[in-house]
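Here the structure is laid out as structure tokens; the discussion comes afterwards.
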Amino acid sequence: MADEKIPRHVADRFATAKRLAVLTGAGVSAESGVETFRGEDGTWSKVNVEDVATPQAFERDPAKVWQWYDLRRDKLKSIEPNPAHYALAAMEQHFPHFALITQNIDGLHKRAGSKNIIELHGNIWEVRDTVTDEITVLREAPLKELPPRNDKGHTLRPNVVWFGEMLPPGVMEAAAREAENCEVFLVVGTSAVVQPAASLPIIAKRSGAMVLEFTLHWTEISDFVDHTFLGKAGKTLPPLLDLISK
Ligand code: BV8
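Take the sequence shown: its letters are residues 18 to 263, numbered as in my numbering.
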């Protein structure tokens with residue numbers, strides 16, 4: 018089912034909930050100008066995953082992987098959060114318990130004011146020493162040297178999770194706990210194909226939560242969720258705030 022109006026039973030459940038969890042994907046940043054991954058004009062139609070988003074790619078040609086991340090970082094420098102990010106940050110102020118789980122690495126939720134954030138796939142502004150695993154923030158973009166090295170001469174990698182890599186220890190467990198314990202689970206701007214993130218709406222539904230989807234196109238989970246709001250999240254999310262700001 019999909020429409021822009023908020024059905025009565027959805028509005029009532031959302032307005033009276035105490036515990037909310039949200040899973041976001043690239044679609045929540047689309048209106049900020051960040052490219053999504055799948056779909057007709059998505060990243061993966063232009064760039065080969067195997068060349069830029071796997072540990073083997075980095076092993077083979079770290080400079081080529083860093084060219085892709087350096088370009089994304091440089092674009093992100095002039096990108097701002099959009100009404101969808103701000104609506105989620107405003108919701109967090111209302112609910113006694115609110116967790117924002119994101120697949121995105123762009124850091125826009127934090128810039129919009131969200132506090133309780135679980136970054137499943139890391140953060141594009143963090144780098145990891147490939148020898149010591151030390152994580153630091155590196156804001157410089159574009160970088161002078163690709164791949165960048167630290168003062169020990171160690172090569173630095175983006176502190177993100179590539180395909181074929183495990184998520185950071187404890188991160189998925191924390192996200193699954195939020196999905197298990199929430200009353201309402203929002204899924205915003207994700208095609209719900211990447212695992213293990215895509216299992217979170219299933220965990221929420223199985224644990225009795227009402228699952229609401231906000232997406233531009235039908236996804237793998239649209240038949241499964243309680244309600245799908247088809248449209249741009251910058252338009253479909255803010256009306257939820259009217260239900261709780263009374
Ligand atoms: C792992 C970081 C253990 C890097 C990313 C089980 C089954 C099948 C496959 C697997 C499985 N377990 C593991 C795999 C393999 C793989 C995987 O899931 N492959 C998929 C493609 C089948 N998973 C992994 O490798 C994971 N590791 O599980 O470790 C293991 C290891 C080896 C073997 C087995 C197990 C690690 C996955 C993390 C990969 N890293 N990103 C970077 O970003 O540079 S994933 C990448 O995809 C991004 O993080 C992105 O967020 C994520 C998901 O994409 P979406 O966010 O959903 O974006 P997409 O473009 O697809 O969709 C956009 C949506 O928004 C659409 O619905 C669109 O309609 C909507 N939209 C657009 N505009 C708007 C909008 N909605 C609202 N408003 C708008 N304006």
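All C-beta atoms, glycine included, are put in the ideal place defined by N, C-alpha and C.
Residue environment for residue 65: exposed (fewer than 16 other C-beta atoms within 10 angstroms of its C-beta).
Taking 3 residues as the shortest admissible run, the stretch 94-125 contains the following complete beta strand (DSSP E) segments, listed from N- to C-terminal end: 114-119. From the listed residues 254, 229, 237 and 252, the smallest Cα separation to residue 243 is found for 229.
Around the beta carbon of residue 109, 16 or more other beta carbons sit within 10 angstroms, so the residue counts as buried. Here DSSP, grouped into helix, strand and coil, assigns residue 171 to coil. CA-to-CA, the gap between residue 38 and residue 194 works out to about 10 Å.
For residue 231, there is no enclosing alpha helix (DSSP H); the residue is part of the beta strand (DSSP E) that begins and ends at 227-232. Beta-bridge annotation (DSSP): residue 203 is paired with 39 and 229. For residue 76, the enclosing alpha helix (DSSP H) has its first and last residue at 72-77. By the Cβ test, the stretch 129-145 is in contact with the stretch 178-198, since at least three Cβ pairs between them sit closer than 8 Å. The straight-line gap separating the alpha-carbon atoms of residue 202 and residue 30 is approximately 11 Å.
Between the alpha carbons of residue 69 and residue 233 lies a gap of roughly 26 Å.
If you look at residue 143, you'll find it isn't in any alpha helix (DSSP H); it sits in the beta strand (DSSP E) that goes 139-146. Of the heavy atoms belonging to the ligand BV8, none sits nearer than 6 Å to the Cβ of residue 25.
By the Cβ-count criterion, residue 106 is buried, with 16 or more other Cβ atoms from all chains shown falling within 10 Å of its own Cβ. In the DSSP annotation of this structure, residue 237 is not part of any beta strand (DSSP E), being labelled neither H nor E.
With fewer than 16 neighbouring CB atoms inside 10 Å of its own CB, residue 235 falls in the exposed class. DSSP, read as helix, strand or coil, puts residue 153 in strand.
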